[in-house]
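Residue numbers (my numbering), protein chains in the order written: chain A, 547 to 659; chain B, 705 to 812.
Ideal Cβ placement from N, Cα and C applies to all residues, glycine included.
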């Protein structure tokens, strides 16, 4: 069964450092998303991406965040200068269409120290 | 603002039926989805309602009333493995807007 894969599963970084979280969406999906979940809290939307551009983003997705699809399979989230409050589980998801079910990866747990 | 309301916790007995309600207030609505999340795991898609009515998938059913901005997830023949958090989420444009989740506790 096709699945969304994310690497690394866990990343520890020092405050102020840049991190890149990587995702391989399901191969025939066209819409890609990043969500985050702070421990014990609800899932929060960050950004959606279609046709090589951002289609929607939340207030959380400020200038320190960026996304990229560097090749035909990878989808990355970059956080330029990490802050303590960026510590969370980051989930990548993909869907065949923009308004249909989204399939989630297992997440990257980011810890900023 | 945009909000989804669901109970924070529900307790049920193995083999029983449980219903988790969700009310929403969002700008833009394409449908209501339900996701299951075990501790430390990823959200797993359970069901989607784009139109009013009941959708059934095995032991799980989901209902939507767009006029009432209300939906529910019905879990039948509860098993211990169903212990998890359940999230309702509104599909709004290109994003999912999530409720805070309902922790389902199942007792033997």
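- Excluding the 5 residues flanking it on each side, residue 806/B has same chain C-beta neighbours closer than 7 Å at 710, 711, 712, 713, 714, 724, 789 and 790, in chain order.
- The C-beta distance from residue 634/A to residue 584/A rounds to 5 Å, short enough to meet the 8 Å contact threshold.
- Looking from the CA of residue 775/B, the closest CA among 737/B, 787/B and 767/B belongs to 767/B.
- With a threshold of 8 Å between beta carbons, residue 605/A makes no contact with chain B.
- Burial state of residue 786/B is buried, judged by a 10 Å Cβ sphere holding 16 or more other Cβ atoms.
- With respect to chain A, the C-beta atom of residue 790/B has no partner C-beta closer than 8 Å.
- Within the DSSP secondary-structure output, residue 753/B pairs in a beta bridge with 736/B.
- Its chain contains 778, 779, 780, 781 and 782 as the residues whose beta carbon lies nearer than 8 Å to that of residue 721/B, once the 5 sequence neighbours on both sides are disregarded; these appear in chain order.
- Excluding residues up to 5 positions away in sequence, 758, 759 and 778 lie with their Cβ nearer than 7 Å to the Cβ of residue 765/B in the same chain.
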